[in-house]
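FYI, in the working numbering the residues of the sequence shown are 1057 to 1399.
Even for Gly, the Cβ is constructed at its ideal location relative to N, Cα and C.
None of the values given here were measured: they were computed from a predicted structure.
Report on the structure given below.
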Amino acid sequence: MKHFLAFVAVVFSCLTVFYFYRDDGQASADYTSLKVYGSGSFIGSWGPGPKLKEIFEKQTGIKVTYLEMSDPALVFQKISFEGMQAVGDVILSLDQYDLTRSADKLTWKSIDSKTTLNLPETLKELDKMEKFKAYDWAPIAFVARDDLKVSIEKLDDLLKPELKGRIALEDPRTSSPGLNFLAWIYKTKSEGDADLFVKHLMAQAHSFSPSWSTAYGLFKNKQADIVLSYATSPVYHLVEEKDAHFTALEFKEGHPVQVEFAGVPDSCINCDAGIRFVQFLQTPEAQKIIMEKNYMFPLVKGVQEGTAFDGVKNFKLLPFKLEVKEQLQKWLGTWAEHRKNEG
């Protein structure tokens, strides 16, 4: 009996300590600070993060601390494992494939839009999303120098003999633009034709780089004639390098879009401030900074007018939608099989 009473006392003591630890943790939470996960390209000195942090802190008095994130799926897993002790009020740098494949590891706060978005008809779905808010977008496109001798107007033109081994592509297993390109193929062709296209594409690739930056570096070093990138990429060369000799190629099939999102996980500590930060990203002031640093299109009217982005041609766009996870896995499996056979 004494042993039993001693056991009960120990359990009660532990529960009491846990309760007060949890209560004190909540009570001592710093609601004057905000923890924000983002990619290195967003939060780095060359990205929009530092300027956005400066303005938000000045407007709200809330200190923003950035946490670098290389893989959103790993951050989702970390937050899910840590539960109530998780750190992170906002997660940036999410694309539509992150939302499809791994965002369901967490539950998310609903966020009301405070800004009226100015979107093409094919992107109106973005305005209806409650858990994640978009903050930039761009059509996926192939970029070439203006002295390219090969005529490329549709996906099938990528299989021309002149382009064998001359296309810088990204691995769809590790790169979001690469996965977007794979989805582009399957959304505009029958399954059989798409499978065959992917098979023949293997010989056309200079390589399948693990990231966009690696693939673009090959193109910049003239190891490839064209590169999978964004329709807005030539603006970077024009603004930063004063070089107008790059062009984005328009395809007759229409182009998919890459969209970047932000969300606030339910495990947030300073949740209200997190929601305010996400809403801030859609304000004209923040949108201008993101546009000029990320070289992506803004979501609100009046931001790109009078800038180099006005010169970007309005490509025909494919309707935006979140893909089904199982469908993506099937397409990736087919790609991997052809890649293995090619090797």
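At a threshold of 7 Å, does residue i count as lining the ligand PLP (C-beta to nearest heavy atom)?
| i | result |
| --- | --- |
| D1322 | Here there are no bound small molecules, and the ligand PLP is not part of this structure. |
Which residue from the options puts its Cα closest to that of residue i?
| i | options | result |
| --- | --- | --- |
| L1373 | H1311, Q1335, V1206, A1194 | H1311 |
| E1309 | S1231, W1164, I1241 | I1241 |
| L1182 | L1108, L1378, K1220 | L1378 |
| A1197 | I1099, K1369, E1124 | K1369 |
| S1136 | I1331, L1204, D1160, L1284 | D1160 |
| R1201 | E1361, L1294, I1099, A1364 | L1294 |
| K1187 | E1124, G1103, I1147 | I1147 |
| E1218 | H1262, Q1314, G1367, V1380 | H1262 |
| G1117 | G1358, L1388, H1301, R1332 | R1332 |
| D1299 | K1276, L1238, D1251, G1389 | K1276 |
| V1359 | Y1191, W1391, S1285 | Y1191 |
| V1131 | P1321, A1329, G1362 | P1321 |
| S1231 | P1176, D1203, T1270 | T1270 |
| T1172 | A1392, T1363, W1268, P1354 | P1354 |
| L1204 | K1278, P1176, W1268 | K1278 |
| F1371 | Y1272, R1229, Q1338, P1176 | P1176 |
| N1174 | T1363, G1362, Q1338 | Q1338 |
| T1392 | F1237, R1229, W1268 | Note on identity: in this sequence residue 1392 is Ala, with Thr being the wrong assignment. It is R1229 whose Cα lies nearest to the Cα of A1392. |
Excluding the 5 residues preceding and the 5 following residue i in the sequence, name in chain order all residues of the same chain whose CB lies nearer than 8 Å to its CB.
| i | result |
| --- | --- |
| L1215 | F1253, H1256, L1257, Q1260 |
| R1395 | M1258, F1264 |
| L1274 | A1224, H1262, S1263, S1265, A1280, V1283 |
| A1239 | P1312, E1379, L1384, W1387 |
| R1078 | Note on R1078: pLDDT 39, under 50, position unreliable in the model; the coordinate value appears next. Answer for R1078: M1140, listed in chain order. |
| L1162 | F1132, I1135, S1136, P1321, D1322, S1323 |
Going by DSSP, what residue range makes up the alpha helix (DSSP H) through residue i?
| i | result |
| --- | --- |
| I1118 | No alpha helix (DSSP H) holds I1118; DSSP gives it neither H nor E. |
| V1295 | 1289-1296 |
| Q1335 | 1327-1337 |
| L1257 | 1247-1257 |
| S1136 | 1128-1138 |
| F1237 | 1232-1244 |
| K1276 | 1268-1276 |
Do residue j and residue i come within 8 Å of each other at the CB atom, strictly closer than that value?
| i | j | result |
| --- | --- | --- |
| A1280 | I1223 | yes |
| E1297 | D1151 | no |
| E1247 | G1234 | no |
| M1347 | A1194 | no |
| P1340 | V1356 | yes |
| K1119 | E1113 | yes |
| S1101 | N1326 | no |
| Y1122 | G1144 | no |
| M1140 | S1323 | yes |
| K1344 | G1103 | no |
| M1125 | S1149 | yes |
| D1251 | T1390 | yes |
| A1329 | L1108 | no |
| V1199 | F1302 | yes |
| Q1115 | N1236 | no |
Counting only the same chain and skipping the five closest in sequence on each side, list residues whose C-beta sits under 6 Å from that of residue i.
| i | result |
| --- | --- |
| A1083 | Low per-residue confidence applies at A1083: pLDDT is 39, beneath 50, and the placement is therefore not dependable enough to give any value. |
| D1154 | P1128 |
| K1189 | I1167, A1318, V1334 |
| L1179 | F1376 |
| E1382 | none |
| E1398 | M1258 |
| Y1087 | N1326 |
| T1244 | E1309 |
| S1267 | S1231 |
May I ask which residues mark the beginning and end of the beta strand (DSSP E) holding residue i?
| i | result |
| --- | --- |
| K1189 | 1188-1201 |
| L1148 | 1146-1151 |
| A1392 | First-last for A1392: 1381-1398, but that is the alpha helix (DSSP H), not the beta strand (DSSP E). |
| K1349 | Segment 1340-1350 is the alpha helix (DSSP H) holding K1349; no beta strand (DSSP E) there. |
| A1304 | 1302-1305 |
| E1226 | 1223-1226 |
| K1091 | 1089-1094 |
| I1282 | 1282-1286 |
| G1319 | 1313-1319 |
| A1261 | 1261-1265 |
With a threshold of 8 Å between beta-carbons, can residue i be considered close to chain C, or not?
| i | result |
| --- | --- |
| T1178 | Among the chains of the structure shown, chain C does not appear; only one protein chain is present. |
Might you give, ordered along the chain, the residues of its own chain that have their beta carbon closer than 7 Å to the beta carbon of residue i, omitting 5 neighbours on each side?
| i | result |
| --- | --- |
| F1307 | E1209, K1210, L1211 |
| K1048 | Because the chain spans 1057 through 1399 in this model, residue 1048 falls outside it and cannot be assessed. |
| S1158 | P1128, A1129, F1132 |
| K1091 | T1121, L1123, V1143, G1144, D1145 |
| I1099 | G1105, Y1122, E1124 |
The stretch 1166-1177 contacting the stretch 1283-1291, beta-carbon criterion three pairs below 8 Å: Taking a cut-off of 8 Å for Cβ pairs, the stretch 1166-1177 and the stretch 1283-1291 do not touch, as fewer than three such pairs fall below it.
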